[in-house]
Structures are given as structure tokens and as C-alpha cells.
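Read in our numbering, the sequence shown has 406 at position 217, and its numbers run on one by one without any break.
Written out below as C-alpha cells is the structure these notes cover.
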Amino acid sequence: MLKADYIITENRSIADGVYLMTLRGDTSAIKKAGQFADVAIEGYFLRRPLAVTEWDAEKFSMVYKVVGEGTAKMALMKEGQSLNVLTGLGNGWNAEAASSAALVVCGGIGASPCFSLVKDLVGRGVKTTVVLGYNRACDIILEQEYRALGAEVIVATMDGSRGIKGLVTDAIAQEKPEFDYFYTCGPKPMMKAVCDALADASGEVSLEERMGCGCGICYGCTCHTTEGARRVCADGPVFRKEEVIW
Ligand SMILES: Cc1cc2nc3c(=O)[nH]c(=O)nc-3n(C[C@H](O)[C@H](O)[C@H](O)COP(=O)(O)OP(=O)(O)OC[C@H]3O[C@@H](n4cnc5c(N)ncnc54)[C@H](O)[C@@H]3O)c2cc1C
Ligand code: FES
């Protein structure tokens, strides 16, 4: 884990109420796709946990949805401003669990924590199908970026304004993608539905809980699993689907 100041190099809207922020600075603590950062916002005691979308030696990016005061304040920030961020948090995805074909199922902002995972999978030669689920076409994020990585992308929208009309589970039932391991991130009911629909398959999910310290000390983010109480920030956010008690 690293606590450091970063300079905003980009902070732009990519969909209705959703922003992509890129920060320049020390990325040495970020080791694995699916880890998250914890962003300090002036005037707020608690940091805001946000997944790392992508990173390299000099910068990292996050995609965030404006839902409350902290993210609304982030959306107003400009290039050149500085942010204090904890990086290298959480366990990340086990990309090696997929051997020849992977299914990655994302709902809404859940497309962000899966991005570097798909980059890893495709880079290892794993045939990867990404299912992206949104309410409306104007909510879609990262679709072209996923295609550019070389993944096969299936889009589902609730109102039918783009792709398959319905839920991600409808899209999976219709398209029947082949895979030997799956990964999912999005709203909890969606992830539960995905795990139920893929009950015979192995996979993992990325959970969300309200956080205090973000780094394993306060036990404020505890969830109940088949392995007992686990901290989402330090033992997760990624858990094997069999461990999760919904
Ligand atoms: C591991 C992890 C990764 C996440 N990754 C992303 C991401 O990539 N993109 C994204 O848009 N959102 C992500 N979230 C959710 C994000 O943390 C909240 O949307 C954000 O903290 C809301 O802050 P706010 O000040 O705008 O909202 P407010 O409602 O004003 O926040 C009040 C408090 O509640 C907390 N809080 C509110 N909603 C959530 C939530 N859903 N999860 C955890 N804490 C919450 C805030 O951190 C803050 O401490 C992630 C959450 C976790 C736990
Ligand atoms: S937020 Fe403190 S232990 Fe997870």
C-alpha cells in the first residue's frame, strides 16, 4: 500500500454522470487488476474507494459514477489539481484461474474493475467474452475500449436501446458464450443472479462495502462468507463465488 499525492491529468465525462479520471504519480504499489484506490477528498473525513481501471509506470485511471457529495466534488476537479490517494489496496482478480476461455460479466460501473483483468486475459491468449449490462444506451461505458483489447463484447440494456433487451443473464442465456471460468462485478443482485445462472461453473465476484480505513485495520467493511467474517478491503474485494453468502 502506498499513500501519495497524484496530479490529475484528465477528468472527463464518458457517459451520463460517469467520469474517467487519470492521475500521474507513483504507481509502484498497484500490482494486480481488480485492486482499488482510496481517494481523499478535501472536506470529507472518509476516503472514497474506487477501482483502478488501468495503470502503467507513470499513471493510473479510475472510472467513477457521481452518486453523492464526494464524487460530485471529484467531477468538478481540473487537470493540474492534486489528490492524495492510497493505492495498491485489495487482493485483485485471479486472472490465472481461466485457462482457455473466460467470461467477464459487468453491470454498470462494474465495467471498470474488470478492464485490466480482460487486458491480462487477452494478453495471455485466453479467449474472453465480456457481457456489459446497462439500463440505457447512454449509460454504456468502455464498450469500444473492451473491443480494442480484443475481447468479444455482448451488450445488454434493460430498455432495449442497445444490444440485447434485458439483463446480463438474458444475454448469457441467449448467446451461450463458452468459458471455463467467469468473473463478475456490478450491483449485488446482478452478481447473485449471475452466480445462480452459472451455478455449475467456477468463478469469482468483486464485492463492495462501505469502508473506514480501506486497508484492513478497522473491520468496518466486514462481510460474511463461508470462511467466516472477511474484510472486503483486505481479504477482498474479490472472492470465489463459493465463498459468498448472499
Ligand atoms: C472496493 C470498492 C471499489 C469501488 N469501485 C468503484 C468504481 O470503480 N467506480 C465507482 O463509481 N464506484 C466505486 N465504488 C463505490 C464508491 O466507493 C462510492 O460510489 C463512493 O464512495 C461514493 O462516494 P460519495 O461521496 O459520492 O457518496 P456519499 O453517499 O456521499 O458517500 C458517503 C459515504 O458512503 C460511502 N459510500 C457510498 N456509496 C458507497 C458504495 N457503493 N460503496 C462503498 N462506499 C460507499 C462513501 O465512500 C462515503 O464514505 C467502489 C466501492 C468499493 C468498496
Ligand atoms: S475498511 Fe477498515 S478493515 Fe476494511
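Backbone N, C-alpha and C fix where the C-beta goes; we use that ideal spot for every residue, glycine too.
When you compare each of the options to residue i by their alpha carbons, which one comes out closest?
i, options, result
"asparagine 280", "Gly403, Cys407, Glu431", "Gly403"
"isoleucine 361", "Gly206, Ile329, Cys384", "Cys384"
"threonine 276", "Thr411, Leu331, Lys248", "Lys248"
"glycine 223", "Glu231, Thr242, Pro238", "Thr242"
"alanine 390", "Tyr372, Ser217, Arg399, Met400", "Tyr372"
"lysine 220", "Ser305, Leu338, Arg213", "Ser305"
"glutamate 367", "Ala291, Val255, Gly401, Tyr233", "Ala291"
"tyrosine 370", "Pro378, Ala287, Glu334", "Ala287"
"cysteine 209", "Gln363, Gly425, Ile330", "Inspection of the sequence shows that residue 209 is occupied by leucine rather than by cysteine. Checked all of Gln363, Gly425, Ile330; the closest Cα to leucine 209 is Ile330."
"glycine 322", "Lys365, Lys308, Val307, Pro376", "Pro376"
"cysteine 303", "Glu431, Ala246, Ala218, Ala240", "Ala240"
"alanine 204", "Lys308, Lys254, Gly409", "Lys254"
"cysteine 295", "Gly401, Ala382, Ile230", "Ala382"
"tyrosine 202", "Ala261, Gly232, Tyr233, Lys430", "This sequence places serine at residue 202; tyrosine is not what is there. Residue Ala261 is the option with its Cα nearest to serine 202."
Where does the unbroken beta strand (DSSP E) through residue i begin, and where does it stop?
i, result
"valine 383", "No beta strand (DSSP E) contains valine 383, which is instead part of the alpha helix (DSSP H) from 377-386."
"tyrosine 335", "First-last for tyrosine 335: 332-338, but that is the alpha helix (DSSP H), not the beta strand (DSSP E)."
"valine 293", "290-296"
"phenylalanine 455", "Because the chain here runs from 190 to 435, residue 455 falls outside it and cannot be looked at."
"valine 320", "316-323"
"valine 394", "392-395"
In this structure, does DSSP put residue i in helix, strand or coil?
i, result
"serine 202", "strand"
"threonine 414", "strand"
"threonine 260", "helix"
"isoleucine 343", "strand"
"glycine 409", "coil"
"lysine 430", "helix"
"glutamate 243", "strand"
"cysteine 404", "coil"
"glutamate 285", "helix"
"glycine 425", "coil"
"aspartate 389", "coil"
"aspartate 215", "coil"
"alanine 222", "coil"
"glycine 232", "coil"
According to DSSP, which residues form a beta bridge with residue i?
i, result
"asparagine 238", "Correcting the residue identity first, residue 238 is proline in this sequence and not asparagine. Proline 238 is bridged to Asp227."
"methionine 210", "Asn200, Met251"
"alanine 193", "Val274"
"isoleucine 353", "Ala345"
"arginine 419", "Cys412"
Report whether the distance from the Cβ of residue i to the nearest heavy atom of ligand 3 is below 7 Å.
i, result
"threonine 346", "Among the ligands modelled here, namely ligand 1 and ligand 2, ligand 3 does not occur."
Do residue i and residue j have their C-beta atoms closer together than 8 Å?
i, j, result
"valine 319", "valine 293", "yes"
"aspartate 215", "leucine 235", "no"
"phenylalanine 225", "leucine 278", "yes"
"threonine 356", "alanine 345", "A small correction: the amino acid at residue 356 is leucine; threonine does not occupy that position in the sequence shown. Yes; because the gap between Cβ atoms is below 8 Å, this pair is in contact."
"glycine 405", "alanine 423", "yes"
"arginine 325", "aspartate 359", "no"
"glycine 299", "cysteine 374", "yes"
"glutamate 393", "valine 427", "yes"
"methionine 251", "isoleucine 197", "no"
"valine 342", "arginine 336", "yes"
Would you mind reading off the limits of the alpha helix (DSSP H) that contains residue i?
i, result
"leucine 278", "Premise fails: leucine 278 lies in the beta strand (DSSP E), 271-278, not in any alpha helix (DSSP H)."
"glycine 312", "304-312"
"glutamate 364", "357-364"
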